[in-house]
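A short worksheet on the structure shown next.
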Amino acid sequence: MRKDKKGINYTLPITLWLTIFFLIPMGIVLIYSFLKKGLYGGVELELSFEAFKIFLNPMFLKIVFKTILMSLGVTIITLIIAVPTAYYIVKSPYKKMYIYLIIIPFWTNFLIRIYSWMAILGHNGFVNMFLKKIGLIDSSIQFLYNTGAVILISVYTSLPFAILPLYSIIDKFDFSLMDAARDLGATNKEAFFKVFLPNIKSGIFTAGIFTFVPMLGSYVIPKLVGGVNSIFMGNVIARQLTETRNWPLAATISSVLILITMIFVLLGSITKKRGGDYE
Amino acid sequence: MNKRKTSLFFFIFSMVFFYLPLLVIVIYSFNEGKSMVWQGFSVKWYKELFLYSDELWRAFRYSIFIAIISSVVSTTLGTLGAIGIHWHKFKYKKYLKVLGYLPLIVPDIIMGVSLLILFVTVKLKLGLISIIIVHTTFNIPFVLFIVLARLSDLDYSIVEAAYDLGATEMETLKKVIIPMLRPAIISGFLIAITLSFDDFVATFFVAGPGITTLPLRIYSMIRLGISPVINALSVLFIGFAVTLTLSTTKLQKYFIK
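Protein sequences appear in the order of chains A and B. In terms of our numbering, the first sequence is residues 2 to 280. In terms of our numbering, the second sequence is residues 148 to 404.
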């Protein structure tokens, strides 16, 4: 470790970049939420709490609540599928090959992955065509454009992001600890919940964050396959920004979204630390 | 044992869940007809993709250009930053670590919206430059953390030895540090390229009317409805993902030694 002044030379570029293109824009968003709406979009330099007043309307609060609830739901479903899948891969003799099979969808374009489900579930999609052909239905069933479709496709796109961190942490887990617990009289269930899960807590946390945070800011999936009742905060922000052109309101909702994200990340890292103290 | 069966069930479920939709797309990209009713084998949608989809390929070239520039910039900034954070002492180090971590936990849409508002405020014209700035910003933390992880495995005494033997700062950087960090720099760069090439949401807000990246183009095609040309394009994407997955593991083996 060197105590000279050269550290600044190395870190000044990244510091400047992140300050100018990350911190300052965040600050501007915060400031905009306290300004008056401009006539044709943008803002006027006048202090106003109008945006917050509009935001406190039950309609917006409901969307905030729904965004959090849906994100939690998707995260939980994703983890329920991801933990045993990652466990199986670690235990398998073909784990390298299986990990490639997880990385391939991870590296396939996000929109293409959404599209593949639209091609399957859509009005003239694969499933409907198939069901018609075998004579089970006469007219198409609409599988898309509802909350279920949003949840299904969200789980689909998040799953690789959850499996990979879980895999790397489970791979490091010393499985003889489970045997030791069983030798000391623990049942399979106890060994799983009291030894295995606490030890892979940090992986579960990372997997959860990788699913939950992008879900909070979800925009594309609800827009493409959601119905009128599956609007996320991200969709409202986009609409206020590009259609209604109420920039202070867009900024307010953005600030709230940042705040919610931070709260959940902090809560998560506290539980993660507690998990570390477990031993 | 029961647990093995449960985990096997979830594993098979995940695999079917992952690959069934992709498989359907691959098969139907060879469908003669336009709909999802099978009307015989044909490569006509591939012909259309390669010969008559100029706009798509223009978007593709923009995407490549943006991905390369933003990855070079973010890899440079991230690598230097990581070296500074890991091996030097300076006052605001703790803050910089937090600052480097923050863009990771801010949703994509917020990155796009906040930079759009910045660009409009300072009257920067939306287009290539604004897109490159956004991509560089969300790429930086990934490079930073990958290189930092690699640095924690390295022995500083090698760097010290270089200085003791009379190497200058630049020489040490060029001949000792960068070669030692090469695997991390390469994987950081590859992740940056992939993220940039894949991004839709943040780009959507700052693209402006002139420039269309590939994801933006795909998005507008999807919104118009299911098209067999996207099926063919999807197959290229899936093929690319397969190649990338296989080749990077080979690359890593080669560079790590």
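Glycine residues also receive a C-beta, built at the ideal position from the N, C-alpha and C atoms.
Every alpha helix (DSSP H) stretch that sits fully inside the stretch 80-162 of chain A and reaches 4 residues is listed by chain position as 96-108, 111-122, 127-134.
Its chain contains Pro288 as the residues whose beta carbon lies nearer than 7 Å to that of Tyr248 (chain B), once the 5 sequence neighbours on both sides are disregarded; these appear in chain order.
Contacts between Ala251 (chain A) and chain B, judged by CB atoms closer than 7 Å, involve Val260 in chain order. Under the three-state reduction of DSSP output, Phe176 (chain A) falls in the coil class, being neither helix nor strand. Taking the CA atoms as reference points, Ser270 (chain A) sits about 20 Å from Lys173 (chain A).
Inclusion of Val290 (chain B) and Gly386 (chain B) in the CB contact set at 8 Å is not warranted, their separation being larger than that value.
With fewer than three CB-CB distances shorter than 8 Å, the stretch 90-108 of chain A does not count as touching the stretch 139-147 of chain A.
In this structure Ile365 (chain B) is buried. Its beta-carbon is surrounded by 16 or more other beta-carbon atoms within 10 angstroms.
Put simply, the backbone Cα of Leu203 (chain B) is about 14 Å away from that of Trp192 (chain B). Put simply, the stretch 353-364 of chain B touches the stretch 273-282 of chain B. At least three CB pairs are less than 8 Å apart. Secondary structure note for Glu318 (chain B): its alpha helix (DSSP H) is the uninterrupted segment 316-319.
Secondary structure of Phe188 (chain B) (DSSP, three-state): strand. One alpha carbon belongs to Pro14 (chain A), the other to Val163 (chain B), and they sit about 46 Å apart. Contact note: Glu179 (chain B) does not reach chain A at a C-beta cutoff of 8 Å; the least C-beta distance is about 15 Å.
For Leu263 (chain B), the closest C-alpha among the options A:Ile29, A:Met71, A:Val91 is that of A:Ile29. For Thr68 (chain A), not one C-beta of chain B is nearer than 8 Å to its own C-beta. Selection B:Lys236, B:Leu371, B:Ile293 evaluated against Ile333 (chain B) yields B:Ile293 as nearest (Cα-Cα).
At a beta-carbon threshold of 8 Å, none of the residues of chain B lie near Tyr168 (chain A); the nearest stands roughly 12 Å away.
With a minimum length of 4 residues, the unbroken runs of alpha helix (DSSP H) contained wholly in the stretch 345-375 of chain B fall at 348-353, 361-370. Listed along the chain, the chain B residues whose CB falls inside 7 Å of the CB of Pro26 (chain A) are Ser261, Leu262, Ile264, Leu265. Only Leu224, Gly225, Leu227, Gly228, Ile230, Gly231, Ile232, Trp234, His235, Lys236, Phe237 from the stretch 213-238 of chain B bring a Cβ to less than 7 Å from some Cβ of chain A. Excluding its 5 nearest sequence neighbours in each direction, Met258 (chain B) has C-beta neighbours in its own chain below 8 Å: Pro250, Val281, Thr284, Phe285, Ala349, listed in chain order. For Glu45 (chain A), no alpha helix (DSSP H) run applies; the uninterrupted beta strand (DSSP E) run containing it begins and ends at 44-48, by DSSP. Bridge partners of Leu36 (chain A) according to DSSP: A:Leu48. The Cβ-Cβ distance between Met216 (chain A) and Val75 (chain A) falls below 8 Å. Each residue's CA atom was taken as its position, placing Glu47 (chain A) and Leu112 (chain A) some 40 Å apart. Judged by DSSP in its simplified three-state form, Asn58 (chain A) adopts coil rather than helix or strand. Our two residues, Lys270 (chain B) and Gly43 (chain A), have alpha carbons roughly 12 Å apart in a direct line. Contacts between Tyr366 (chain B) and chain A, judged by CB atoms closer than 7 Å, involve Leu112 in chain order.
Of the residues A:Ser49, A:Phe35, A:Val221, A:Lys92, the one whose Cα lies closest to the Cα of Thr153 (chain B) is A:Lys92. The Cβ atoms of Ile213 (chain B) and Ile256 (chain B) lie no closer than 8 Å to each other.
Against Ala314 (chain B), chain A offers no close residue; the least beta-carbon distance is about 14 Å (beta-carbon pairs closer than 8 Å).
Straight through space, the alpha carbons of Gly8 (chain A) and Ile232 (chain B) are spaced by roughly 7 Å. Phe22 (chain A) reaches chain B at Leu262, Ile280, Thr284, counting residues in chain order whose Cβ is nearer than 7 Å.
Under the three-state reduction of DSSP, Asn189 (chain A) is assigned to helix. Nearest neighbour of Thr359 (chain B) by Cα position, chosen from B:Tyr209, B:Phe158, B:Val171, turns out to be B:Tyr209.
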